[in-house]
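Here is the structure we will look at.
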Amino acid sequence: MDTLPQLFMPRARLQDLIDALAGAGFRCIGPTVRDGAIVFAPLKDAAQLPAGVSDVQEPGAYRLSRNASPRTFAWASGPQALKPLLFAPSEVLWRARRRPDGSIDFSSDVPQGPPLAVFGVRACDLAALAIQDQHFLHGAHGAAPDPFYGQRRDRLFLVAVNCSHPAATCFCASTGDGPRAVQGFDIVLDERDDGFLAQSGSDRGRDMLAGLALCAAMPDQVAEAQRQTERAEQAMTRRLPGRNLRDALFANLDHSRWDEVADRCLSCGNCTSVCPTCFCHSESEQPRIDGTESLHGREWDSCFTRGHSHIHGLTVRPDTRLRYRQWLTHKLGSWHDQFGRSGCVGCGRCIAWCPVGIDITEEANAICGRGP
Ligand code: SF4
Ligand code: SF4
6 MDTLPQLFMP
16 RARLQDLIDA
26 LAGAGFRCIG
36 PTVRDGAIVF
46 APLKDAAQLP
56 AGVSDVQEPG
66 AYRLSRNASP
76 RTFAWASGPQ
86 ALKPLLFAPS
96 EVLWRARRRP
106 DGSIDFSSDV
116 PQGPPLAVFG
126 VRACDLAALA
136 IQDQHFLHGA
146 HGAAPDPFYG
156 QRRDRLFLVA
166 VNCSHPAATC
176 FCASTGDGPR
186 AVQGFDIVLD
196 ERDDGFLAQS
206 GSDRGRDMLA
216 GLALCAAMPD
226 QVAEAQRQTE
236 RAEQAMTRRL
246 PGRNLRDALF
256 ANLDHSRWDE
266 VADRCLSCGN
276 CTSVCPTCFC
286 HSESEQPRID
296 GTESLHGREW
306 DSCFTRGHSH
316 IHGLTVRPDT
326 RLRYRQWLTH
336 KLGSWHDQFG
346 RSGCVGCGRC
356 IAWCPVGIDI
366 TEEANAICGR
376 GP
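As numbered in this note's numbering, residues 6 to 377 make up the sequence shown, in order.
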């Protein structure tokens with residue numbers, strides 16, 4: 006891939022990028038404020054982006070406020086990751102219909118539709134996407150790629166933004182997944198008050214930027230962008246006690262901390278819903294009452310539901326202690342055996358969106374016997 010030099014995109018020209026992608030047939034989505042949170046929504050006009058919005062995130066807390074800044078990406082990840090765009094929370098995988106002669110016709114509901122361009126993707130979510138690609142597209146034991154995920158993944162164009170304002174809950178520097186995006190994007194932006202530095206990460210991204218005929222960025226603009234992400238990295242105070250906690254966690258399966266966290270945990274599954282890497286799901290049949298058709302559905306499941314560990318009449322993890330332990334030891338431990346890395350990219354969502362403020366970094370530090 007030939008790359009362009011880093012380019013300067015004046016703020017008003019962001020609309021040209023949105024228009025160029027729409028003109029190339031992409032449905033564009035980007036961050037917007039809805040119900041007090043920053044979430045993805047259809048994006049036609051750059052004015053829809055959350056200008057002058059900042060966030061405060063703490064264990065069990067997420068708040069937005071307004072300021073006078075022209076910046077549209079000066080906040081940390083909201084509750085939505087890329088996950089729901091590729092791995093739908095609930096969808097029909099196939100349907101079985103009874104033909105008039107009594108035989109059964111099977112058909113698949115693999116999604117169709119225009120390609121999707123997503124604006125505002127962060128480094129942690131690119132890292133999570135790479136993990137989900139490993140699971141859904143390059144599964145273990147020769148498993149076939151998931152056609153539902155694969156269809157959506159093939160049609161994805163990613164406009165990343167390097168993080169300049171991490172939340173107190175963020176710790177991607179500790180997992181090695183941010184705050185600067187280094188791969189997995191088509192275009193990456195560094196935001197400034199007067200615009201953006203833009204760089205391509207794929208041939209498609211290069212062609213899209215070349216079409217905008219932007220000027221090369223000045224060396225001082227490039228240096229300031231670098232300093233901005235260095236400051237973001239230094240601002241993160243949370244960290245895990247190490248990149249690979251497999252042995253430390255499995256040596257502490259009887260640690261008293263599992264009981265303490267279970268006393269607080271509601272087994273609600275919020276943490277697994279917002280986590281960009283969690284992929285557990287359940288499948289079920291939804292037959293019509295007249296017996297003519299049955300839909301085979303898939304929906305997100307969680308380590309924290311009773312049914313998720315129900316095997317042949319036995320619930321293997323009947324209580325919250327065992328469910329939280331399963332989540333943490335898989336996410337930070339046995340994930341290394343499965344995927345060659347931890348399942349945590351340090352986005353901090355599970356901390357902010359846990360209704361009782363349980364903090365994965367605090368628990369891991371306590372259980373692995375190291376101070377926070
Ligand atoms: S475990 Fe928590 S911090 Fe880590 S990737 Fe999942 S939601 Fe983000
Ligand atoms: S850790 Fe928090 S978010 Fe996760 S299941 Fe327990 S109470 Fe819910």
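By construction, the Cβ of each residue, glycine as well, lies at the ideal position given by its N, Cα and C atoms.
Nothing here was measured: the structure is a model prediction, and the numbers come from that model.
Contact check, Phe-78 vs Glu-196, beta carbons under 8 Å: Along the sequence shown, one-based indexing puts residue 78 at 73. Along the sequence shown, one-based indexing puts residue 196 at 191. Contact flag set, yes.
Separation of Gln-343 from Pro-377, as counted between CA atoms: Locating residue 377 in the sequence shown gives position 372, where the first residue counts as 1. Locating residue 343 in the sequence shown gives position 338, where the first residue counts as 1. Since pLDDT at Pro-377 reaches only 40, below the 50 mark, its modelled position is unreliable, and the value read off the structure follows with that caveat. Roughly 27 Å separates the two Cα atoms.
Cβ-heavy atom distance, Leu-3 to ligand 2, below 7 Å: Any answer about residue 3 is impossible in this case: the structure gives the chain only from 6 up to 377.
Assigned exposure category for His-170 - 16 Cβ within 10 Å defines buried: Walking along the sequence shown from the start, residue 170 turns up at place 165. Label assigned to His-170: buried.
Pro-119 (DSSP reduced to helix, strand or coil): Here residue 119 refers to the residue found at position 114 when the sequence shown is read from its first residue. Coil.
Sub-8 Å separation of Asp-60 and Ala-93 beta-carbons: Working through the sequence shown from its first residue, we reach residue 60 at position 55. Working through the sequence shown from its first residue, we reach residue 93 at position 88. No, the pair does not count as a contact, with Cβ atoms beyond the cut-off.
For His-341, three-class secondary structure by DSSP: Position 336 of the sequence shown, counting from 1, holds the residue named residue 341. Residue state, collapsed to three classes: helix.
Close Cβ partners of Phe-45 (< 6 Å) along its chain, the five nearest in sequence each way excluded: One-based indexing of the sequence shown puts residue 45 at position 40. Same-chain partners within the cutoff: Ile-34 and Gln-85.
Exposure label - Met-223; buried when at least 16 CB within 10 Å: The count along the sequence shown starts at 1 and reaches residue 223 at position 218. Label assigned to Met-223: exposed.
Cα-Cα separation between Ile-365 and Asp-324, rounded to whole angstroms: On the sequence shown, residue 365 is found 360 positions in, with the first residue counted as 1. On the sequence shown, residue 324 is found 319 positions in, with the first residue counted as 1. CA-CA distance, Ile-365 to Asp-324, rounds to 19 Å.
Cβ pair Gly-65, Cys-175 closer than 8 Å: Your numbering for residue 65 matches position 60 in the sequence shown. Your numbering for residue 175 matches position 170 in the sequence shown. For Gly-65 and Cys-175, no; Cβs fall outside 8 Å.
Cα-Cα separation, Gly-348 to Asn-167: Indexing the sequence shown from 1 puts residue 348 at position 343. Indexing the sequence shown from 1 puts residue 167 at position 162. Looking at the two C-alpha atoms, the distance is approximately 21 Å.
Cross-strand partners of Cys-220 (DSSP beta bridge): As a position in the sequence shown, residue 220 is number 215, starting the count at 1. Phe-13.
Stretch-stretch touch, CB-based, cutoff 8 Å, three pairs: the region 251 to 269 with the region 300 to 310: no
Buried or exposed by the 16-neighbour rule on C-beta atoms within 10 Å, applied to Glu-2: Residue 2 is absent from the structure shown; the chain starts at 6 and stops at 377.
Rounded distance between the beta-carbons of Phe-162 and Tyr-154, thought under 8 Å: Sequence index remark: in the sequence shown, residue 154 carries index 149 (1-based). Sequence index remark: in the sequence shown, residue 162 carries index 157 (1-based). About 16 Å separates the two Cβ atoms, so there is no contact after all.
Distance between beta carbons of Leu-194 and Val-164, contact taken as under 8 Å: For the purposes of this step, residue 164 is taken as residue 159 along the sequence shown, with counting starting at 1. For the purposes of this step, residue 194 is taken as residue 189 along the sequence shown, with counting starting at 1. Confirmed, Cβ separation roughly 7 Å.
Chain-order list of residues whose beta-carbon lies under 6 Å from that of Ser-299 (same chain, five-residue window excluded): Working through the sequence shown from its first residue, we reach residue 299 at position 294. Here the set comprises Ala-101, Glu-290 and Pro-292.
For Val-58, the three-state DSSP class (helix, strand or coil): Taking the first residue of the sequence shown as 1, we reach residue 58 at position 53. Reduced to three states, the DSSP call for Val-58 is strand.
Proximity test, Asn-275 beta-carbon vs ligand 2 heavy atom, cut-off 7 Å: On the sequence shown, residue 275 is found 270 positions in, with the first residue counted as 1. True, at least one ligand heavy atom lies under 7 Å from that Cβ.
Nearest to Leu-217 (by Cα), restricted to the options Glu-229, Ala-203 and Asp-225: For this step, residue 217 is matched to residue 212 along the sequence shown. Cα-wise, what sits closest to Leu-217 is Ala-203.
Beta-carbon proximity list for Phe-284, same chain, < 6 Å, skipping 5 on both sides: Looking up residue 284 in the sequence shown gives position 279. The beta carbon of Phe-284 sits closer than 6 Å to those of His-140, all from its chain and outside the five residues before and after it, given in chain order.
Beta carbon of Ile-192 nearer than 8 Å to that of Ser-205: Looking up residue 192 in the sequence shown gives position 187. Looking up residue 205 in the sequence shown gives position 200. Yes. Within cutoff.
DSSP bridge partner residues for Ile-316 (one or two, in chain order): As a first step, residue 316 must be located in the sequence shown, where it is residue number 311. Beta-bridge pairing links Ile-316 to Leu-319.
Residues sharing a beta bridge with Gln-204, DSSP: Here residue 204 refers to the residue found at position 199 of the sequence shown. BP columns for Gln-204 point to Val-193.
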